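S.K.: For the record, the sequence lines run as chains A and B. Here the numbering used here is used: position 214 in the first sequence is 415, and no number is missing along the way. Here the numbering used here is used: position 84 in the second sequence is 957, and no number is missing along the way. Quick reminder that beta carbons are idealized off the backbone N, C-alpha and C, glycines included. Keep in mind it's a predicted model, so treat the numbers as computed, not measured. For reference, the structure I am asking about is given below.
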Amino acid sequence: MTPFWRNGRFWAALLLAGGLLAAALYTGRARPAVEEARGLWIRATAPVFRLIDRGAYAVSQAAGTLVRWKDLPAENARLRKENESLRQLAVENEELRQENDELRELLDLRRRPPGYDTAGGLAAAVIGRLPERWYDEIVVDRGAADGVARGMPVVTPDGLVGRVAQVTPHQAVVLLLTNPDSGVGALVQRQTSRSYGVVVGAAGTQSRLRMTFFSRDADAVPGDIVVTSGLGGLLPKGIPVGVVTRVDRSQDGLVLTAELQPAADLNRLEWVLILPMPQGVSP
Amino acid sequence: MTPRRGWGRLLVLAAVAFVLQATLAEAVRVGTAWPDFCLAAVMLAALRSGGRAAGACGLGLGLAVDLFAGRWLGLHAAVWGAVGYAFGRLAAPFDERSRVVAFLGTGLGAAVAWLLEAAFVAVEARSVDVYAVLAQLLPHAAVTAALAALAAPWDLGLPPRAQAEADRMATIRLWLGSPHRG
């Protein structure tokens, strides 16, 4: 029997494995060629992902309807009642809005309403997400053809999700806040604090964020809400980023860091809103 | 069944596993673990079609996942290719439709693949959280093994084990003195 080291196939397999591991080492950091190949691959597979996504949604809806079949009459009655009260609320809301507008005009409040501007936002469905990169990124079904560009902020009604990292004609990859490579300028919203810092994703597979404050006199306590600072102009000011859960000071007392729970539920992302770039920032 | 049709079905199995992995894996999460459809497909290919087919399947599926993730291109390909090939060789004497063999082999293979990937990432990042790796490894391996065991008896129409492997299997059976169970 020929010893294995005299077998050409053994050396070919070894060479292939070595080549793949060398390629893995080389692509540990972002490379334009890899990004391009990845974009092509996502473009090629996205239609199937979308199909599966829609199929799964239809199945879950159908299953939900079957499960709720018995309760449908009661639910119908409840929804009718709810609908009536919502209609009434909508009318009241409209009255209040008009009154609010008039008061704003009267007081010459020309600044934007509190919070952030979502005008021009583009709704996008999450169509791809690898479990092993769960807290790193998502793939959405909007791309350059819809006006999406690299760097655009991505939000849900609860808060910031991340930023567009890569764009293909009909899909985009969104780098999540929890990715350790993501960095967001932020500040503590509390009026008596207003401490500035930068929020990055905590390494690992946890849905946690870490905020490092710029000043050693910064003030943060658990429960504080952290929002985007708008500094640097890449993100609009005031988007909720997270809630402080723990505050740590370094042993020498010079650096204050805080652990945050993301404001948006990154575990359950189905639809997101892609916001346009803030004015004056080109993609 | 013609060999070409068998290889075609292997390709379809790999494509379905990749799409399920990228879209529905999270939806069938059990506790903190999700089944690895891709690795389960590689292990099923190893059981049914032997080391070479499983190695090729692992290599292709690994590249597909690496390209989708956009980082460490080739890591999954090298690890799944090697694990698939090794399991295909080691599983040769056993019943190719046995749930027990599929469960144990896939569990072991998933654990080895996970450890190899974690070791590579730890070397590259120069840090490792051993507790986090182990806490993920066992449930992940168990759920993936359960998935492979569920699918093990199905007639997937994959290409049969190569003649060389069949001969080797017969020799080992003769050497062990066990009757043919397949």
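1) So what does DSSP say about A:G386, is it helix, strand or coil?
2) Rounded to the nearest angstrom, what separates B:A942 and A:Q299 at their Cα positions?
3) What residue does the beta strand (DSSP E) around A:P441 start on, and which one ends it?
4) Could you tell me the distance, in whole angstroms, from the CA atom of A:R290 to the CA atom of A:N301?
5) Give the C-beta separation of B:R962 and B:G933 to the nearest angstrom, bearing in mind that I take them to be a contact with Cβ-Cβ under 8 Å.
6) Quick one: list the residues of chain D neighbouring A:E236, beta-carbon separation under 9 Å, in chain order.
7) Whole angstroms are fine: how far does the CA of B:A1018 sit from the CA of B:G978?
8) To test your reading of the DSSP string, which unbroken beta strand (DSSP E) runs of 3 or more residues are found completely within the stretch 355–440 of chain A?
9) Leaving out five residues before and five after A:L470 in sequence, what residues of the same chain have Cβ atoms less than 8 Å from its Cβ?
10) Would you kindly check if the distance between the Cβ of A:V365 and the Cβ of A:G485 is under 8 Å?
11) Which same chain residues end up closer than 7 Å to B:A970 when comparing Cβ atoms and leaving out the 5 residues on each side of it in sequence?
12) Between B:V982 and chain A, is the shortest Cβ-Cβ distance under 8 Å, so that the two count as touching?
13) Check the Cβ of A:R334 against every Cβ in chain B and list those closer than 7 Å, keeping chain order.
14) Between A:R411, A:L215, A:T393, which lies nearest to A:V385 when the distance is taken from Cα to Cα?
15) What residue from B:A1008, B:A900, B:V952 has the CA that sits closest to B:G982's CA?
16) Whole angstroms are fine: how far does the CA of A:L252 sit from the CA of B:L940?
17) Measure from the C-beta of A:I440 to each C-beta in chain B and report whether the shortest distance is under 8 Å.
18) Exposed or buried, what is A:R210 when buried is set at 16 or more other beta-carbons lying within 10 Å of its beta-carbon?
19) Please state the DSSP three-state secondary structure of A:L455.
20) Comparing the C-beta of B:F960 with each C-beta of chain A, is any distance below 8 Å?
21) Compare the C-beta of A:T228 with all C-beta atoms of chain B and state if any pair is closer than 8 Å.
22) I'd like to confirm the pairing. Which residues does DSSP put opposite A:W472 in its beta bridges?
23) Name, please, each residue of chain B whose Cβ falls closer than 9 Å to the Cβ of A:G329.
24) What residues of chain A sit near B:F993, judged by a beta carbon separation below 8 Å?
25) According to DSSP, is B:P908 part of a helix, a strand, or is it coil?
26) Quick one: what does DSSP say B:P1026 is sitting in, helix, strand or coil?
27) Which bits of chain A does B:G947 rub up against, with CB to CB less than 7 Å?
28) Using 10 angstroms around the beta-carbon of B:D909, count the other beta-carbons present and answer buried if the total reaches 16, otherwise exposed.
29) Considering only their Cβ atoms, is the gap separating B:A1021 from B:L917 smaller than 8 Å?
30) Note down, in chain order, all residues in the stretch 338–365 of chain A with a beta-carbon under 7 Å from any beta-carbon belonging to chain B.
31) Rounded to a whole number of angstroms, what is the C-alpha to C-alpha distance between B:A984 and B:A1014?
32) Taking the beta strand (DSSP E) that B:V903 belongs to, which residues open and close that run?
33) Between the Cα of A:G424 and the Cα atoms of A:V445, A:P437, A:S408, which residue gives the shortest distance?
34) Output the distance between the C-alpha atoms of A:D420 and A:L455, rounded to the nearest integer angstrom.
35) To the nearest angstrom, report how far apart A:W270 and B:L897 are at their CA atoms.
36) Would you verify that the beta carbon of A:A218 is, or is not, closer than 8 Å to some beta carbon of chain B?
M.R.: Quick answer:
1) strand
2) Distance between the alpha carbons of B:A942 and A:Q299 is about 49 Å.
3) 441–450
4) Here residue 290 of chain A turns out to be Leu, not Arg, going by the sequence shown. Near 16 Å, if we compare the C-alpha coordinates of A:N301 and A:L290.
5) Contact flag wrong, Cβ pair sits at about 19 Å.
6) Protein chains A and B are contained in the structure displayed, whereas chain D is not.
7) 8 Å
8) 360–368, 373–377, 384–389, 397–402, 410–414, 426–429
9) V327, R330, I339, T357, V362
10) Summary: the structure shown does not reach residue 485 of chain A, with chain A confined to residues 202 through 484, and so no result is reported for it.
11) The displayed chain sequence assigns Arg, not Ala, to residue 970 of chain B. Answer for B:R970: A1025, P1026, listed in chain order.
12) Looking at the sequence itself, residue 982 of chain B is Gly, so the reference to Val does not match. No, B:G982 does not count as interfacial toward chain A.
13) A942
14) Residue A:R411 is the option with its Cα nearest to A:V385.
15) B:V952
16) 20 Å
17) no
18) exposed
19) Three-state result, A:L455: coil.
20) no
21) yes
22) A:A326
23) A895, T896, F941
24) L222, A225
25) Under the three-state reduction of DSSP output, B:P908 falls in the coil class, being neither helix nor strand.
26) B:P1026: coil per DSSP, three-state reduction.
27) L221, L222, A224, A225
28) buried
29) yes
30) none
31) Each residue's Cα considered, the two are about 6 Å apart.
32) That residue, B:V903, is in no beta strand (DSSP E); it is neither H nor E in DSSP.
33) A:V445
34) 13 Å
35) Taking the straight line joining both Cα atoms gives about 26 Å.
36) yes
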